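These protein sequence lines are chains Y and W, in that order. Count along the first sequence starting at 1, add 1, and that's the number in this note's numbering. Count along the second sequence starting at 1, add 17, and that's the number in this note's numbering. Report on the structure given below.
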Amino acid sequence: MSALSKVVYFCRSAAVGLKQSPFVHFIAVTTIAIALFSAGMARGAARVLDNLLASLGGEVEVTVYLSPELDADEVHGVRAHVETLSGGVATLVSPEAALSRLRTELGDLGEALAELPENPLPVSLELRVPPERRNPDALQALARALRDAPGVSGVDYGEAAVQRLSAIARALRFGALVAFAVVLGATVVIVAATLQLAIYSRRGEIEIQKLVGATDRFVKAPFLLEGLLQGVLGAAVALFGLWAFGRVLGPTLGALFAFLLGPGVAAPWVEPRLALELLCAGCGLGLGGSFVAVGRFLRV
Amino acid sequence: MIQFFHVYKAYPGDPPVLSDINLNVEKGEFVFLTGPSGAGKTTLLKLIFCAEKATKGQILVGGRNIARIRESAVPYLRRNIGVVFQDFKLLPHRTVEDNVSFTLDVLGVPRAEAREKVRRMLKLVGLEHKADSFPLRLSGGEQQRVVIARALVNDPTILLADEPTGNLDPALTVEIMDLLTQVNVRGTTVMVATHDATLLSRYQKRTVRLERGQIVSDEDGVKAARRMVV
């Protein structure tokens, strides 16, 4: 049999299988679709979480205190060095501006600052670091490098807050990963169980195939193809669901949580990469389920 | 063509189904396998097409020792053996033509060639006008003829029939047996398991009698028929 005629036979056989047990296949496709839809939603939620963390992380500023003996040219030199070192943007804050800001922040207590004989605050640089460096390790390394830089007397970046934020993000990602693994496992079991029903309904056909000399691979192939088709259909349904969700509820959610979330919330829910990932996951789930299911029905 | 050397078959905890079977069936021969229910006729046939494995002994089919055959080689052995069952084992949702071409699909025969072979085979069994019918619309004899067509469509060297007329009335029984005889005349080795004594006396073929898993007689057709009459 040529490869093409084999493929045609397997496709025809898989189509017959889908036609013979539509309800069973509907259950399997729906299960895959729900699992993938959940995965897609989780991905969307993760993206929103990333945006949230990035926006919160963006508020973490590194303050670089400069030595008081530096003249204006040296201050600009240190600023340029700091910007080069960090890849971020440094804003120069004069001692007067810093004192004024402190007075405002202290409110009524700020009046006490007027009693100071001289301004004790040094010239400082407020550094906004690029997003890729807004994690505890990178910030710690950057702070160490800045402290060693000439003309710098001290560095402060709210280390505890950054570490707490990162720990929360890590915990949420791990939780999502565990939940996703459980959903995937359950889906494979359900798909395998439903496919076993479909295969059981065709056990007579399998028995005859084996009796007339079909190899195991020949018997298995149409069922694996059915699983693959279920996966593709399930992924298509899930993607449609995500697209519809994004279209119908996306703008409302974006408006509701705009105060909390970054600009990413307005991004489309179904992107080509996500579509490809869900399609591959669907194929994997369908194939995995059918692979588990066919094994025990071949012993004739 | 088929040789059994001291073959035993037993299931754990039960007395042996077959004991010390020695049998030689020549190429092109027609052999009846007879005996009461539970004598081991079906098991003996199953050993030939590897649906069961012998507990002890050697079985040669076409010169190949199937007692030592690898699992993956079984499908290729079965392609040379046609099997006919009492309960037909037809696919009810497929047409007669599809049921017969099922064997050729498995063997990978191109569609056009398969169609031609199926038509020829249906003509041989007298069912060319029922090619598009579904099995459940056919009589028992017609269904059995479809099964025979399916078993023969890829020109196997051996045809095994397990009580092929068990569910049929006498007229249809003769019809099916005539067909099997005709197949044998074309050169196919045929083994038929039956407990129908009238068939043995009517067709006068070599008859191997099994009782409690052992061969108790192996006679040529005339002798066996004479004993039936007596």
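Heads up, the beta-carbon is just placed ideally off N, CA and C, and yes, glycines get one too. Computed from a prediction, not measured in an experiment: that's the story for all the values here.
Under 9 Å between C-beta atoms of residue i and residue j
i       : j       : result
E228(W) : P32(W)  : no
V130(Y) : G89(Y)  : yes
S118(W) : A129(W) : no
L173(Y) : L275(Y) : no
V238(Y) : T31(Y)  : yes
G176(Y) : Y93(W)  : no
G285(Y) : G232(Y) : yes
L103(Y) : V124(Y) : no
V194(W) : L216(W) : It should be pointed out that residue 194(W) corresponds to Met in this sequence rather than to Val. In this structure, L216(W) lies closer than 9 Å to M194(W) by Cβ.
Residue i to residue j span [Cα, whole Å]
i       : j       : result
L5(Y)   : F219(Y) : 14 Å
G287(Y) : V42(W)  : 49 Å
L19(Y)  : R167(W) : 25 Å
G242(Y) : L229(Y) : 20 Å
Q161(W) : V91(W)  : 25 Å
N39(W)  : L196(W) : 28 Å
V24(W)  : A193(Y) : 41 Å
F181(Y) : E84(Y)  : 41 Å
T211(W) : L50(W)  : 6 Å
Q210(Y) : R219(W) : 34 Å
V179(Y) : A43(Y)  : 12 Å
V170(W) : L121(W) : 8 Å
L53(Y)  : S95(Y)  : 31 Å
L147(Y) : R248(Y) : 47 Å
I19(W)  : T59(W)  : 16 Å
S167(Y) : G296(Y) : 45 Å
R137(W) : R203(W) : 14 Å
Neighbourhood of residue i by C-beta distance below 7 Å, restricted to the same chain and skipping five residues each side
i       : result
K9(W)   : With chain W covering 18 to 247 only, the question about residue 9(W) has no answer from this structure.
V8(Y)   : none
N184(W) : Q103 and G157
L153(W) : P109
S291(Y) : L196, F224, L225, E227 and G228
P69(Y)  : P123
V271(Y) : L240, L243, W244 and G247
Contact set for residue i: own chain, Cβ-Cβ below 6 Å, skip 5 residues either direction
i       : result
F47(W)  : N201, V207 and K222
A236(Y) : L37, L279, L280 and G283
A27(W)  : P33 and T72
E192(W) : G158
Chain W contact for residue i (CB, 9 Å cutoff)
i       : result
F219(Y) : yes
T195(Y) : no
S22(Y)  : no
V295(Y) : no
L212(Y) : yes
E133(Y) : no
G205(Y) : yes
is_contact[residue i, chain Y] using C-beta, thresh 9 Å
i       : result
K106(W) : yes
F119(W) : yes
F21(W)  : no
L50(W)  : no
V163(W) : no
G125(W) : yes
Three-state secondary structure assigned by DSSP to residue i
i       : result
N39(W)  : strand
K147(W) : helix
E62(Y)  : coil
M208(W) : strand
V123(W) : helix
Y220(W) : helix
Y158(Y) : coil
L76(Y)  : The identity of residue 76(Y) in the sequence shown is Val, whereas the question assumes Leu. The answer is helix: DSSP assigns V76(Y) an H, G or I state.
K63(W)  : helix
T188(Y) : helix
F21(W)  : strand
L250(Y) : coil
F219(Y) : helix
D179(W) : strand
Close beta carbons around residue i, own chain, < 8 Å, minus the five adjacent residues each side
i       : result
V135(W) : E114, V117, S118, L121, A148, A166 and V170
L86(Y)  : L143, A146, L147 and A150
P100(Y) : Looking at the sequence itself, residue 100(Y) is Leu, so the reference to Pro does not match. Excluding positions up to five away in sequence, the list reads L114, N120 and L122.
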